[in-house]
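With the working numbering as the guide, the letters of the sequence shown map in order to residues 529 to 709.
Glycine included, C-beta positions come from ideal geometry on N, C-alpha and C.
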Amino acid sequence: MSSAPDEPREGETVALVAVGANLGDRMATMRAAVERIARLDGVRVVAQSSVYDTAPVGPPDQPRYLNAAVAVATKLDARALLAALLAVEATLGRERGSTRWTARTIDLDLVLFGECVIADGDLHVPHPRFRERAFVLLPLAEIAGQTRDPVTGERLESLLRACPGRSDAVRVGPLDPSVRA
Ligand code: A4P
Ligand code: MG
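Set out below in structure tokens:
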């Protein structure tokens, strides 16, 4: 029996990835990132959220962001998936300075990897700050509102309700260009 295209298959884990950009042609770069993620071996994109225009959190003198989220079903483990995401960032001109939270052409954060909880040097899943970030929770709740945070047990939609700052986000359209606004 074949499984529906957006259901995880045997051996796959569903991971949630936050996508952000605030330099250059933000929408085009975010869509290019999703195309590249979809072409990774062992990774299927199974859901894409809307895109939101959001006020920057962190250093104030930077442009507004676009933020969105995708769900992937993957045969990779969390470390290999994050490495692949960082490689996609690099191909899209992401430069890292010494300061966190600065402007970027693309940011791909691994927010959840199934129910895994990992705090291991350079890999932290769930992403340590996602519960306090409306720009992450708003798109994530659209595609996975019933999914539970494995640390707190809360559903993503209830984490969003408890999160300040969601009202200043403006929906600008779908991330998936084949979906009508
Ligand atoms: N790393 C470890 N675990 C992870 C994970 N689960 N996902 C390591 C992603 N990366 C992970 O990340 C630094 C290092 O963390 C990576 O090398 C990776 O090996 P980074 O992407 O260079 O740093 P960052 O994105 O500046 O920091 P961080 O901690 O991800 O920050 P946030 O919390 O994502 O904040 N405002 C708006 N409106 N929208 C935004 O998207 N983003 C940020 C970044 C700040 N303000 C924003 C937005
Ligand atoms: Mg990041």
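| Item | Value |
| --- | --- |
| Counting C-beta neighbours from all protein chains within 10 Å, is the total for Thr582 16 or more, i.e. buried, or is it exposed? | buried |
| Find out if the Cβ-Cβ distance for the pair Leu551, Ala615 is shorter than 8 Å. | no |
| Helix, strand or coil for Asp696, going by three-state DSSP, please let me know. | helix |
| Any idea what DSSP makes of Pro667, helix, strand or coil? | helix |
| Touch check for the stretch 604-624 and the stretch 576-593: three-plus C-beta pairs under 8 Å? | no |
| Mind checking who Ser578 pairs with in its DSSP beta bridge? | Pro702 |
| Restricting to Cα atoms, I'd like to know which of Pro536, Val585, Ala566, Met558 is closest to Ala697. | Val585 |
| Quick one: what does DSSP say Arg622 is sitting in, helix, strand or coil? | coil |
| Check each candidate in Pro587, Leu703, Ala561 and name the one with the smallest Cα separation from Leu668. | Leu703 |
| So who's on the other strand from Leu640, going by DSSP bridges? | Leu544 |
| Kindly list the residues whose CB is nearer than 8 Å to the CB of Pro591, restricted to its own chain and excluding five residues on each side of it in sequence; keep chain order. | Asn550, Leu551, Pro584, Ala631 |
| Taking Cβ positions, are Pro654 and Leu640 nearer each other than 8 Å? | yes |
| With distances taken Cα to Cα, identify the nearest neighbour of Arg572 among Met555, Met558, Ala543. | Ala543 |
| In this structure, how does DSSP classify Ile646 when only helix, strand and coil are distinguished? | strand |
| What residues come near the ligand MG, if near means a beta carbon less than 5 Å from any of its heavy atoms? | Asp635, Asp637 |
| Determine the burial state of Arg537: buried for a count of at least 16 other Cβ atoms within 10 Å of its Cβ, exposed for fewer. | exposed |
| Taking a contact to mean a Cβ-Cβ separation below 8 Å, would you say Val729 touches Ala597 in this structure? | The structure shown does not extend to residue 729, since the chain spans only 529 to 709, so no value can be given for it. |
| Going by the CB atoms, is the gap between Leu613 and Gly570 shorter than 8 Å? | no |
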